Amino acid sequence: MEILGSIGSAGHFVLGYLVPFLFVLTLVVFIHELGHFLVGRWCGVDVKTFSIGFGREIFGFNDKHGTRWRFALIPLGGYVKFSGDADAASAPDDEAVNRMTPQERERSFPAQSIGERAAIVAAGPMANFLLAILIFAGSAFIFGKHVLTPRVDEIVAGSAAERAGLKPGDLVISIDGQPIHSFSDMQRIVSTQPDETLTVIVTRGGSTVTLPVTPALVEMDSPLGKQRIGVIGVKASPRPEDWTVQRFGAVDSLKQGVTESWFIVTQTYDYIAKLVRGRASTDQLSGPIRIAQVSGAVAQNAGLLGLVNLAAILSVSIGLMNLLPVPMLDGGHLLFYLYEAVRGRPLSPRAQEIGFRLGLALVLMLMLFVTWNDLVHVKGLL
1 MEILGSIGSA GHFVLGYLVP FLFVLTLVVF IHELGHFLVG RWCGVDVKTF
51 SIGFGREIFG FNDKHGTRWR FALIPLGGYV KFSGDADAAS APDDEAVNRM
101 TPQERERSFP AQSIGERAAI VAAGPMANFL LAILIFAGSA FIFGKHVLTP
151 RVDEIVAGSA AERAGLKPGD LVISIDGQPI HSFSDMQRIV STQPDETLTV
201 IVTRGGSTVT LPVTPALVEM DSPLGKQRIG VIGVKASPRP EDWTVQRFGA
251 VDSLKQGVTE SWFIVTQTYD YIAKLVRGRA STDQLSGPIR IAQVSGAVAQ
301 NAGLLGLVNL AAILSVSIGL MNLLPVPMLD GGHLLFYLYE AVRGRPLSPR
351 AQEIGFRLGL ALVLMLMLFV TWNDLVHVKG LL
């Protein structure tokens, strides 16, 4: 019985967590690396390797251009290695370039102009943003948007809403000048501005009322750890007639995709700013373990559509992370190219080597931290 129980637990882990996690991460990584690959090919650069994962190759094949497409043992990322790259982080290999024939050197990555190199590097994060936009746009076009009228049904006793004078039946029409079309619009604004006085305009009995409301800062549990958000203490209307489905055409669906993706970008930078000011918790920094847990929960509760939407959110996050000005990441390469463009010459090989080592140390420290965060906060994974 113990053996059967162990097999059952292992099967639950693989199907419930590992498969959804690999689906989400592989999709996001593939699109990121495909961005680098396609723009590199377009610029005439030889691509040596396209790898999903790191470490020992599990299986792969060579295409007609000589690129090795491989799936590796450790599925926590990927890379595209161009001609002239020393490693998966695209550090330049000057010795290898010097040994090339003039024809080979012309098709190497270091031989391209600053603009072409920057375009190849930036294409990865841009592909991530495009993936998110297309997923959100496709969801809006196919399924529409379920909208709950921003009507106050109940006021929590002693809450910020009660102190501000909000009443049941109030219909929120704007907050700080931003039009409110749904209850989720209101939640998004309130949750991101705790302890800040907001100007809330409602309609009440045919007249317009303006109220100053200051959301309270509360700490709430989520699949990604504790979150510190703003709340005002109102509950939405449960009546079916307050729910509607908003339909979008192709152009409006694309606008929805851009809007949703931009919201994630602004929320991410807002979180980083609050983290620096000490108003946000590092509990929300997550690694592969908690991403696997969230992927499993989404797969069980929301199915394939939920997983695809999670991939869109993760895609924006990975795109933003790669744009950080840290050597080894895409943003670090772009910083080197900016220096080269301004000074008219690249950083010395020694300076670049030091930069890549520092970047590697920072990335490893971040990975260790988020993994430790995961182990401390994730419960019930197995």
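To convert, note that position 234 of the sequence shown is 234 in our numbering; the numbers rise steadily by one, no gaps.
For each residue, glycine too, the CB sits at the ideal point set by N, CA and C.
Values in this document were obtained by computation on a predicted structure and should not be read as measured data.
- Note on geometry: alpha-carbon atoms of Phe136 and Leu307 lie some 12 Å from one another.
- Collapsing the DSSP output to three states places Pro125 in a helix.
- When DSSP reads this structure, Phe54 sits in a beta bridge with Ile74.
- About 13 Å separates the CB atoms of Gly165 and Leu198; that is not less than 8 Å, and the two are not in contact.
- Counting the other CB atoms within 10 Å of its CB gives Asn62 a total below 16, which places it among the exposed residues.
- The Cβ atoms of Pro346 and Glu353 do not sit closer than 9 Å to each other.
- The continuous beta strand (DSSP E) containing Pro212 extends over residues 207–213.
- By the C-beta density criterion, Asn322 is buried, having at least 16 other C-beta atoms within 10 angstroms.
- About 14 Å separates the beta carbon of Val172 from that of Gly233, a gap too long to meet the 8 Å contact definition.
- Lys235 is classed as exposed because its beta carbon has fewer than 16 other beta carbons within 10 Å across all chains shown.
- Counting C-beta atoms within 10 angstroms of its own C-beta, Ser90 has 16 or more neighbours from the protein chains shown and is therefore classed as buried.
- Remark: fewer than three beta-carbon pairs, one from each stretch, lie closer than 8 Å, so the segment 140–154 and the segment 51–59 are not flagged as touching.
- In the DSSP secondary-structure assignment, Arg151 is bridged to Leu171.
- Here Ile114 has Tyr337, Glu340, Ala341 as same chain residues with Cβ atoms under 7 Å from its own Cβ, once five neighbours each way along the sequence are excluded.
- With 16 or more other Cβ atoms from the protein chains shown falling within 10 Å of its own Cβ, Tyr79 counts as buried.
- A straight line joining the alpha-carbon of Phe82 with that of Ile264 spans about 31 Å.
- The segment 97–106 makes no contact with the segment 29–37, as fewer than three CB pairs between them are under 8 Å.
- Under the criterion of beta carbons closer than 8 Å, Gly230 and Val190 qualify as touching, at roughly 5 Å.
- Separation of Ala140 and Thr268 (C-alpha to C-alpha, rounded to the nearest whole angstrom) is 22 Å.
- For Gly331, DSSP assigns no beta-bridge partner whatsoever.
- Judged by DSSP secondary structure, Arg247 falls outside any beta strand (DSSP E); it is assigned neither H nor E.
- Closest in C-alpha terms to Val24, from the list Met328, Trp243, Ser317, comes Ser317.
- Between the alpha carbons of Lys274 and Val326 lies a distance of about 21 Å.
- In terms of CA proximity to Thr26, Phe71 leads the group Phe71, Lys255, Asp242.
- Between His65 and Val39, the C-beta spacing is not below 9 Å.
- Residue Pro150 holds the alpha-carbon nearest to the alpha-carbon of Met186 among Gln246, Leu22, Pro150.
- By the neighbour-count criterion, in which a residue is buried when 16 or more other Cβ atoms sit within 10 angstroms of its Cβ, Pro125 is buried.
- The closest CA to that of Leu360, considering only Asp330, Trp372, Gly344, Ser348, is found on Asp330.
- Listed in chain order, the non-local C-beta contacts of Ser174 below 7 Å within the same chain comprise Ile180, Ile201, local neighbours out to five positions each way being set aside.
- For Thr26, the enclosing alpha helix (DSSP H) stretches over residues 19–42.
- A distance below 7 Å between beta-carbons, with the five flanking residues on each side excluded, links Thr208 to the following residues of its chain, in chain order: Ile201.
- With a beta-carbon spacing of about 18 Å, Ala118 and Leu320 fall beyond the 8 Å limit used to define contacts.
- Counting the other Cβ atoms within 10 Å of the Cβ of Leu131 gives 16 or more, which makes it buried.
- In terms of Cα proximity to Asn128, the closest of Val29, Ala250, Leu22, Leu368 is Val29.
- In the three-state scheme derived from DSSP, where H, G and I count as helix and E and B as strand, Gln178 is classed as strand.
- Counting the other CB atoms within 10 Å of its CB gives Asp176 a total below 16, which places it among the exposed residues.
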